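Asker: Sending over a structure as structure tokens; questions will come in a sec.
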Amino acid sequence: MIILGIDPGLATVGWGVIRAEGGKLKPVAYGTVRTPADMSTEKRLGSIYRDTGLLIEKYSPDAASIEELFFNTNITTGIRVAEARGVLLLCCSNYGIPVYEYTPLQAKQAVVGYGRAEKNQIISMVTRILSLPEPPKPDDAADALAIAICHAHSGVSRIAGYYNK
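Residue 30 is where the sequence shown starts when you use the numbering used here, and the numbers rise one by one after that.
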């Protein structure tokens with residue numbers, strides 16, 4: 030099973046693709062979709078949609094997992110992230126990819142075993158779980174890989190029974 034993990038954002042969308050194979054999780058690819066701040070919002074959203082569609086076409090995921098929106102103190106930023114997240118959900122839906130949503134707490138719990146883990150702990154565990162030669166950069170890509178790992182460990186996932194044997 031191939032899982033596309035997505036860390037939504039307007040300026041930077043983190044993405045990570047993993048494969049469950051032989052009872053192990055293996056990295057396929059990871060990176061970011063970036064949009065420039067001087068671009069209009071609608072063009073940024075269109076770019077996110079197109080680039081995510083290209084990722085789906087290239088890696089043919091069986092499922093997508095996306096981080097649920099977490100509002101901090103800046104509501105304007107939260108609204109922009111929510112718009113990008115909506116475009117990402119629409120893109121997956123239009124490609125027929127089932128989407129599973131997880132909170133940051135769930136992802137941290139699945140990867141580190143502690144829902145209040147720090148960023149460096151998440152990056153360290155993602156690196157270990159996927160046997161990466163070095164920590165994934167940038168942080169948005171590491172977060173996307175963590176969301177993908179969370180789905181692989183989830184009871185909702187078709188591979189959870191297989192992977193956890």
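Idealized CB from N, CA, C, for every residue including glycine.
Note that the structure is predicted; figures quoted are calculated from it, not measured.
With DSSP collapsed to three states, give me the class of Arg-48.
Answerer: Reading the sequence shown from its first residue, position 19 is the one you call residue 48. The answer is strand: DSSP assigns Arg-48 an E or B state.
Asker: Should Arg-157 be labelled buried (16 or more other beta-carbon atoms within 10 Å of its own) or exposed?
Answerer: Locating residue 157 in the sequence shown gives position 128, counting from the first residue. Arg-157 comes out exposed.
Asker: Please tell me whether Trp-44 and Ala-170 are closer than 8 Å, where the distance is taken between their beta carbons.
Answerer: On the sequence shown, residue 44 is found 15 positions in, with the first residue counted as 1. On the sequence shown, residue 170 is found 141 positions in, with the first residue counted as 1. A contact, by the Cβ cut-off of 8 Å.
Asker: Write down the C-beta distance between Pro-37 and Ile-95 rounded to the nearest angstrom, noting that I regard them as a contact closer than 8 Å.
Answerer: Taking the first residue of the sequence shown as position 1, residue 37 is located at position 8. Taking the first residue of the sequence shown as position 1, residue 95 is located at position 66. The Cβ separation is near 6 Å, so the contact holds.
Asker: Which residues share a DSSP beta bridge with Ala-136?
Answerer: Taking the first residue of the sequence shown as 1, we reach residue 136 at position 107. DSSP, once it has assigned bridges, lists no residue as partnering Ala-136.
Asker: Terminal residues of the continuous beta strand (DSSP E) containing Glu-96?
Answerer: Translated into the one-based positions of the sequence shown, residue 96 becomes position 67. Here the beta strand (DSSP E) through Glu-96 covers 92–96.
Asker: For the candidate residues Asp-91, Asp-67 and Ile-85, whose alpha-carbon lies nearest to that of Tyr-129?
Answerer: Along the sequence shown, read from residue 1 onward, the residue named residue 129 stands at position 100. Closest option to Tyr-129, Cα to Cα, is Asp-91.
Asker: Using the Cα positions of Gly-82 and Pro-65, report the straight-line distance between them to the nearest angstrom.
Answerer: The residue labelled residue 82 in the question sits at position 53 within the sequence shown. The residue labelled residue 65 in the question sits at position 36 within the sequence shown. The alpha-carbon atoms of Gly-82 and Pro-65 are separated by roughly 19 Å.
Asker: Let me make sure I understand the geometry here. Which of Ala-181, Gly-115 and Leu-159 has the alpha-carbon closest to that of Gln-135?
Answerer: Your numbering for residue 135 matches position 106 in the sequence shown. With distances taken between Cα atoms, Gln-135 lies closest to Ala-181.
Asker: Just to confirm my understanding: we take Ala-173, look at its own chain, exclude 5 residues before and 5 after, and list those with CB closer than 6 Å. What are they?
Answerer: Here the question's residue 173 lines up with position 144 in the sequence shown. Within the same chain, Ala-173 has close Cβ partners Gly-34, Ile-35, Asp-36, Gly-43, Trp-44 and Gly-45.
Asker: So, under 8 Å CB-CB, Ile-152 and Ile-47 are touching, yes? Tell me the CB distance rounded to an integer number of Å.
Answerer: Your numbering for residue 152 matches position 123 in the sequence shown. Your numbering for residue 47 matches position 18 in the sequence shown. Not quite, the Cβ-Cβ distance comes to about 15 Å (not below 8 Å), so this is no contact.
Asker: Leaving out five residues on either side along the sequence, give the residues of the same chain with a beta carbon under 6 Å from the beta carbon of Cys-121.
Answerer: On the sequence shown, position 92 is the one that residue 121 refers to. Answer for Cys-121: Ala-93 and Val-128, listed in chain order.
Asker: Near Arg-73, which residues of its chain fall below 7 Å by C-beta distance, leaving aside the five closest residues on each side in sequence?
Answerer: As a first step, residue 73 must be located in the sequence shown, where it is residue number 44. Correct list, in chain order: Leu-39 and Thr-64.
Asker: In whole angstroms, what is the alpha-carbon distance linking Ile-269 and Ser-69?
Answerer: Only positions 30 to 194 of the chain appear in this structure, which leaves residue 269 out of reach.
Asker: Between Lys-194 and the rest of its own chain, which residues show a CB-CB distance below 8 Å, the 5 nearest in sequence each way excluded?
Answerer: Mapped onto the sequence shown, residue 194 falls at position 165. At Lys-194, the pLDDT of 42 sits below 50, so the modelled position is not reliable and the matter cannot be decided from this model.
Asker: Measure the CB-CB distance between Tyr-88 and Ala-58 and report whether it falls below 8 Å.
Answerer: Indexing the sequence shown from 1 puts residue 88 at position 59. Indexing the sequence shown from 1 puts residue 58 at position 29. Contact: yes.
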